[in-house]
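Written below as structure tokens is the structure these notes are about.
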Amino acid sequence: MRIIFGLVLVIGVALAGFAVHMTRGYLSTYQAELDREKAMRSSSVQTEEIYVALEQLTYGEPILPEKVKKVHWPVDAIPAQPFMTEDQLFPEGTDVLRAALRTIEPMEPLMGAKVTRPGEKAGVAARLSKGMRAFAIRVDVTTGVSGLLRPGDRVDVYWTGRLPNAASETTKLIQSSMPLVAVDQSADEERQTNVIARTVTVEATPTEVAALATAQSTGRLSLALVGRDDDTVVAGVEIDKNTLLGIVEQEYVEAPREEVCTIRTRKGGEMIVTQIPCTE
Numbered sequence: 044m045r046i047i048f049g050l051v052l053v054i055g056v057a058l059a060g061f062a063v064h065m066t067r068g069y070l071s072t073y074q075a076e077l078d079r080e081k082a083m084r085s086s087s088v089q090t091e092e093i094y095v096a097l098e099q100l101t102y103g104e105p106i107l108p109e110k111v112k113k114v115h116w117p118v119d120a121i122p123a124q125p126f127m128t129e130d131q132l133f134p135e136g137t138d139v140l141r142a143a144l145r146t147i148e149p150m151e152p153l154m155g156a157k158v159t160r161p162g163e164k165a166g167v168a169a170r171l172s173k174g175m176r177a178f179a180i181r182v183d184v185t186t187g188v189s190g191l192l193r194p195g196d197r198v199d200v201y202w203t204g205r206l207p208n209a210a211s212e213t214t215k216l217i218q219s220s221m222p223l224v225a226v227d228q229s230a231d232e233e234r235q236t237n238v239i240a241r242t243v244t245v246e247a248t249p250t251e252v253a254a255l256a257t258a259q260s261t262g263r264l265s266l267a268l269v270g271r272d273d274d275t276v277v278a279g280v281e282i283d284k285n286t287l288l289g290i291v292e293q294e295y296v297e298a299p300r301e302e303v304c305t306i307r308t309r310k311g312g313e314m315i316v317t318q319i320p321c322t323e
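In structure tokens form, the structure reads like this:
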């Protein structure tokens, strides 16, 4: 009987120890899960709602209410000029719509720089910044970079002409990194075909417009395409034929002329000139 009682006691103690061990393990696992969830909550990304495109919107396409929606977007990744409310995107109601100024892909945020103002059609006027003007420059296959220009590119403008009292023509950089807003009659940045343009339209200040108009009427204008990420400041570029070929103009000094003194005498009807020594 004592043996049986001892066995029962041993088994009971063993079971109790096992139960304590299992309980500790469960509590440890549960606490770890709680700590992990707490850490995830503390490190969660803060978001705000902004409008994105539901489908691809091409250049000039109206921004319809059914083609956009609001989504949560990480605050640190929200682009410039987002639309966060319906009043911002449709300030004059859903009957007065904005239009896309460039292709907007599905789930891409809508931004002020990518759409027109309400009721405005996509075009050159919609692309001009405040206080800026559009000026057309005549080009051909050589002066217009062989038809490789697109709206949104930047160009340097060079003037070629003859300066007063100059023996040859001079080429000078007159404007640097001017943004193109249209090529011929198209302001679409997504145009895929290469066209030999007859005119390109640049965005310029009123003062720059006056300078370009004067340059275009007094000489020839040529364009040089600037790289997308090129922020080099270029100024003071001027080349003429002598500079191009390395010709240094010789400065000729005229030798002093020897003073000649003469007297004139008349003999009868004849005038005789006689050279004499000069006296101071």
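Note that the working numbering numbers the sequence shown so that position 127 is 170, with each residue one more than the last. Beta carbons: idealized from backbone N, C-alpha and C, even for Gly.
Inset, instruction - Could you check the C-alpha separation between GLN99 and ILE147 for me, to the nearest Å? - result: Within the sequence shown, numbered from 1, the residue matching residue 99 stands at position 56. Within the sequence shown, numbered from 1, the residue matching residue 147 stands at position 104. As the crow flies, the alpha-carbon of GLN99 is around 6 Å from that of ILE147.
Inset, instruction - Can you tell me which of ALA247, SER220, ASP227 puts its alpha carbon nearest to the alpha carbon of VAL238? - result: Taking the first residue of the sequence shown as 1, we reach residue 238 at position 195. With distances taken between Cα atoms, VAL238 lies closest to ASP227.
Inset, instruction - Alpha carbon to alpha carbon, how far is THR213 from ALA254? Give it in angstroms, no decimals. - result: Against the sequence shown, residue 254 aligns to sequence position 211. Against the sequence shown, residue 213 aligns to sequence position 170. Within the model, the alpha-carbon separation for ALA254 versus THR213 is close to 17 Å.
Legend entry - Range covered by the beta strand (DSSP E) that runs through ALA225: As a first step, residue 225 must be located in the sequence shown, where it is residue number 182. From DSSP, the beta strand (DSSP E) with ALA225 extends over 213 to 226.
Inset, instruction - Rounded to whole angstroms, what's the CA-CA distance from GLY187 to SER265? Just pull it up for me. - result: To locate residue 187, count along the sequence shown from 1; it is residue 144. To locate residue 265, count along the sequence shown from 1; it is residue 222. Each residue's CA atom was taken as its position, placing GLY187 and SER265 some 7 Å apart.
Inset, instruction - Give me whichever residues DSSP pairs with PHE178 in a beta bridge. - result: Along the sequence shown, read from residue 1 onward, the residue named residue 178 stands at position 135. Beta-bridge pairing by DSSP links PHE178 to VAL245.
Inset, instruction - From the DSSP output, in three-state form, read off GLU25 for me. - result: The structure shown does not extend to residue 25, since the chain spans only 44 to 323, so no value can be given for it.
Inset, instruction - Find the nearest neighbour of GLN124 within the set VAL158, ALA225, ALA179, judged by alpha-carbon distance. - result: Taking the sequence shown and counting its residues from 1, the one referred to as residue 124 is at position 81. Closest option to GLN124, Cα to Cα, is VAL158.
Inset, instruction - Rank PHE178, ALA143, VAL200, GLU80 by C-alpha distance to the C-alpha of VAL280 and give the top, closest one. - result: On the sequence shown, position 237 is the one that residue 280 refers to. If we check each option's Cα against that of VAL280, VAL200 comes out closest.
Legend entry - Three-way DSSP call (helix, strand, coil) for GLN74 in this model: Here residue 74 refers to the residue found at position 31 when the sequence shown is read from its first residue. Here GLN74 sits in helix by DSSP.
Inset, instruction - Given a cut-off of 8 Å, decide if ALA169 and GLU163 are closer than it, judged by their beta-carbon atoms. - result: The residue labelled residue 163 in the question sits at position 120 within the sequence shown. The residue labelled residue 169 in the question sits at position 126 within the sequence shown. Less than 8 Å separates the beta-carbon of GLU163 from that of ALA169.
Inset, instruction - Could you check the C-alpha separation between PRO117 and ILE93 for me, to the nearest Å? - result: What you label residue 117 is simply residue 74 of the sequence shown in a count that begins at 1. What you label residue 93 is simply residue 50 of the sequence shown in a count that begins at 1. Taking the straight line joining both Cα atoms gives about 10 Å.
Legend entry - Run of the alpha helix (DSSP H) containing LEU288, from where it starts to where it stops: Reading the sequence shown from its first residue, position 245 is the one you call residue 288. From DSSP, the alpha helix (DSSP H) with LEU288 extends over 284 to 288.
Inset, instruction - With distances taken Cα to Cα, identify the nearest neighbour of VAL277 among ALA267, THR286, ARG145, ASN285. - result: As a working mapping, residue 277 is identified with position 234 in the sequence shown. The shortest C-alpha separation from VAL277 is found at ALA267.
Inset, instruction - Let me know the secondary structure DSSP gives SER189 once reduced to three states. - result: The residue you call residue 189 lines up with position 146 of the sequence shown. In the structure shown, SER189 sits in a helix (DSSP, three-state: H, G or I).
Inset, instruction - Output the distance between the C-alpha atoms of LYS110 and MET150, rounded to the nearest integer angstrom. - result: Locating residue 110 in the sequence shown gives position 67, counting from the first residue. Locating residue 150 in the sequence shown gives position 107, counting from the first residue. Approximately 10 Å between the Cα atoms of the pair.
Inset, instruction - Answer with buried or exposed for THR244, where buried requires no fewer than 16 other C-beta atoms within 10 angstroms of its C-beta. - result: In the sequence shown, the residue the question calls residue 244 occupies position 201. Buried: at least 16 other Cβ atoms inside 10 Å.
Legend entry - Range of the contiguous alpha helix (DSSP H) that encloses ALA267: Position 224 of the sequence shown, counted from the start, is the residue given in the question as residue 267. Where ALA267 is concerned, there is no enclosing alpha helix (DSSP H), although the beta strand (DSSP E) it sits in stretches over 263 to 269.
Inset, instruction - Under 8 Å Cβ to Cβ from ILE290, same chain only, skipping five residues before and after it: list those, please. - result: One-based indexing of the sequence shown puts residue 290 at position 247. In its chain, beyond the 5 residues on either side, LYS284 have a beta carbon closer than 8 Å to the beta carbon of ILE290.
Inset, instruction - State the start and end residues of the unbroken alpha helix (DSSP H) segment that holds GLU148. - result: Here the question's residue 148 lines up with position 105 in the sequence shown. Taken as a continuous stretch (DSSP letters only), GLU148 belongs to no alpha helix (DSSP H), as it is neither H nor E.
Inset, instruction - Take ILE282 as the anchor and find which of ALA179, TRP202, ILE315 has the nearest alpha-carbon. - result: Position 239 of the sequence shown, counting from 1, holds the residue named residue 282. Looking only at ALA179, TRP202, ILE315, the smallest Cα-Cα distance to ILE282 is reached by TRP202.
Legend entry - For GLY204: DSSP bridge partner residues: Your numbering for residue 204 matches position 161 in the sequence shown. Per the DSSP secondary-structure output, GLY204 pairs in a beta bridge with THR213.
Inset, instruction - Mind checking which residues open and close the beta strand (DSSP E) that includes ALA96? - result: Taking the first residue of the sequence shown as 1, we reach residue 96 at position 53. Counting along the chain, the beta strand (DSSP E) containing ALA96 begins and ends at 90 to 96.
Inset, instruction - Give the DSSP-derived three-state secondary structure of ARG197 in the structure shown. - result: Locating residue 197 in the sequence shown gives position 154, where the first residue counts as 1. If DSSP states are grouped into helix, strand and coil, ARG197 belongs with the strands.
Inset, instruction - Measure the alpha-carbon distance for ARG300 versus GLN318 and round it to whole angstroms. - result: Counting from one through the sequence shown, the residue named residue 300 turns up at place 257. Counting from one through the sequence shown, the residue named residue 318 turns up at place 275. Going from the Cα of ARG300 to the Cα of GLN318 covers about 16 Å.
Legend entry - PRO249 versus ARG176: straight-line alpha-carbon distance, rounded: In the sequence shown, residue 249 corresponds to position 206, counting from 1. In the sequence shown, residue 176 corresponds to position 133, counting from 1. Those two C-alpha atoms are separated by around 6 Å.
Legend entry - Distance between GLU251 and PRO31 (C-alpha atoms, nearest Å): Here the chain comprises residues numbered 44 to 323, so residue 31 is not present and cannot be evaluated.
Inset, instruction - For VAL277, name the three-state secondary structure that DSSP assigns. - result: Translated into the one-based positions of the sequence shown, residue 277 becomes position 234. Correct three-state label for VAL277: coil.
Inset, instruction - State yes or no: is the C-beta of THR242 within less than 8 Å of the C-beta of ARG181? - result: Position 199 of the sequence shown, counted from the first residue, corresponds to residue 242. Position 138 of the sequence shown, counted from the first residue, corresponds to residue 181. For THR242 and ARG181, yes; Cβs fall inside 8 Å.
Legend entry - Residues sharing a beta bridge with CYS304, DSSP: Indexing the sequence shown from 1 puts residue 304 at position 261. BP columns for CYS304 point to ILE319.
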